[in-house]
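All residue numbers for the sequence shown refer to full-length UniProt numbering, where the first residue is 1 and numbers rise by one.
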Amino acid sequence: MGVMSGHCCAVVSHKPYLSLSPPNLRHSPPISSVSSSPFPLTTISCHATSALSAESPLTEKVGNGLKDFLHIDDFDKDTIFKILDRAIEVKTLLKSGDRTFRPFEGKTMSMIFAKPSMRTRVSFETGFSLLGGHAIYLGPDDIQMGKREETRDVARALSRYNDIIMARVFSHQDILDLAKYATVPVINGLTDYNHPCQIMADALTMIEHVGRFEGTKVVYVGDGNNIVHSWLLMAAVIPFHFVCACPKGFEPDAKTVEKAMKAGISKIEIINDPKEAVKGADVVYSDVWASMGQKEEAAYRRQVFKGIFHALLTS
Numbered sequence: 001m002g003v004m005s006g007h008c009c010a011v012v013s014h015k016p017y018l019s020l021s022p023p024n025l026r027h028s029p030p031i032s033s034v035s036s037s038p039f040p041l042t043t044i045s046c047h048a049t050s051a052l053s054a055e056s057p058l059t060e061k062v063g064n065g066l067k068d069f070l071h072i073d074d075f076d077k078d079t080i081f082k083i084l085d086r087a088i089e090v091k092t093l094l095k096s097g098d099r100t101f102r103p104f105e106g107k108t109m110s111m112i113f114a115k116p117s118m119r120t121r122v123s124f125e126t127g128f129s130l131l132g133g134h135a136i137y138l139g140p141d142d143i144q145m146g147k148r149e150e151t152r153d154v155a156r157a158l159s160r161y162n163d164i165i166m167a168r169v170f171s172h173q174d175i176l177d178l179a180k181y182a183t184v185p186v187i188n189g190l191t192d193y194n195h196p197c198q199i200m201a202d203a204l205t206m207i208e209h210v211g212r213f214e215g216t217k218v219v220y221v222g223d224g225n226n227i228v229h230s231w232l233l234m235a236a237v238i239p240f241h242f243v244c245a246c247p248k249g250f251e252p253d254a255k256t257v258e259k260a261m262k263a264g265i266s267k268i269e270i271i272n273d274p275k276e277a278v279k280g281a282d283v284v285y286s287d288v289w290a291s292m293g294q295k296e297e298a299a300y301r302r303q304v305f306k307g308i309f310h311a312l313l314t315s
């Protein structure tokens, strides 16, 4: 049984590669710095234990034609696994020391951080740089969507100067509006509602350490927050057993739970007993007890969540 934390294990190692999706970058140049012979993506599976050789040209496009990456369930099962396969390919290539795969050469990405994050900034910026691009950081003092400037105007301005926009914001409507008005791809780096890149990174971590993702039992213990919402949306596409163990009053969004259950793809449970939840788990997952913007609730949340984690750790 593995243990993952939403702000530690998965983000640091894997998140950069989730910003790579050639079909989402319609103007990406062809890869000419490596062998032109085809290396079909189907030769590697997310269930495989070995990755591709460093000579892989990575020429096959991955995606479903969508411009943006906003929600896990915007993509079908096949596309999600192809993206994960691509992440394994690129990670293996970079770890070998090969720096010839540069699909973002000459491209720029603006990163909007209404919510600061060390790991998100470092992973996106490093990943984009390793793949040939240049990332621009825009912090809370640089840009205030909906206050200093309308979101649609921000989207249009950044689209003129950049090839990609990544945004880590509070309101989910902000990311939807950015995508609506931007003419370049928009990547959801986090909103109060969901966190799709995180869950893609976690799925990759599971493949590397558990050996598979599909068919596993993933148990989340903690607040039913944006992390849980993205897990639920993943469960609406890929079959696995997802359990959210949370205190009463801290359950995830009811409509998102209903949507995932109606999909009929995965077994989904929302329960209050962490001891019962972790039985037979392949992975136990947790996150912060008080998210950014919940400072006034921090003391109360510490008392609530301390109890369930104490019960779990002493069982």
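Built from N, CA and C at the ideal position, the CB exists for glycine as well.
*Please classify I270: does DSSP put it in a helix, a strand, or coil?*
strand
*asked:* What does the Cβ neighbour count give for I80, buried or exposed, with the cut at 16 atoms within 10 Å?
replied: buried
*Give me the Cα-Cα distance between R156 and S230, rounded to the nearest whole angstrom.*
28 Å
*asked:* Taking only three categories from DSSP, how would you classify Y193?
replied: coil
_8 Å contact criterion, which N162 and V186 should meet: CB distance rounded_ = Not confirmed; about 10 Å, so no contact.
*So which of G106, F113, V154 and T151 has the shortest CA-CA distance to residue 334?*
One cannot answer for residue 334 here, as it falls past the ends of the chain, which runs 1 to 315.
_Local Cβ density within 10 Å of A299, reported as buried at 16 or more and exposed below that_ = exposed
_S286, enclosing beta strand (DSSP E) - first and last residue_ = V283 to S286
_Closest by C-alpha distance to A182, when choosing among T92, I165, Q198 and P196_ = I165
*Have a look at V304 and E150 and give me their C-alpha separation to the nearest angstrom.*
38 Å
*Could you check how far apart the C-beta atoms of K248 and R168 are, in whole angstroms? I think they sit under 8 Å.*
With 8 Å as the limit, K248 and R168 do not qualify as a contact, their Cβ atoms being about 30 Å apart.
*Does the segment 221 to 237 come within contact of the segment 192 to 207, defined as at least 3 CB pairs closer than 8 Å?*
yes
_When Q173, A281 and D76 are compared against V237, the one with the closest alpha-carbon_ = D76
*Go ahead and pull the three-state DSSP assignment for K255.*
helix
_Assigned secondary structure, F124 (DSSP; H/G/I helix, E/B strand, else coil)_ = helix
_Output needed for K180: all residues of its chain with C-beta closer than 8 Å, excluding positions within five of it in sequence on either side, in chain order._
R152 and A155
_Buried versus exposed, by CB contacts within 10 Å (16 or more), E276_ = exposed
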